[in-house]
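Numbering-wise, the working numbering comes out as the position in the sequence shown, counting from 1, plus 537. The beta-carbon is built from N, C-alpha and C at its ideal position, and this holds for glycine as well. Report on the structure given below.
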Amino acid sequence: MITIGDHAGGHQPDLALDVALIDALRAGQILAALMPDDRLAFTPNPHA
538 MITIGDHAGG
548 HQPDLALDVA
558 LIDALRAGQI
568 LAALMPDDRL
578 AFTPNPHA
């Protein structure tokens, strides 16, 4: 799982990573969820 946000485990913003995540979301390879603390979490799509 990849998490993005303002916390110790959050990744630094990276345009290439952002584009890759968007492409994977559009292709249905990964799923995204907004966590209760406003972080985004990405995980592989189990149905892909």
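For residue 581, the enclosing beta strand (DSSP E) covers residues 577-581. When the beta-carbon positions are compared, residue 579 and residue 564 stay at least 7 Å from each other. If you draw a straight line from the Cα of residue 584 to the Cα of residue 576, it is about 23 Å long. Within the same chain, no residue comes within 6 Å of residue 560 by CB-CB distance, once the 5 residues on both sides are set aside. Beta-bridge annotation (DSSP): residue 569 is paired with 579.
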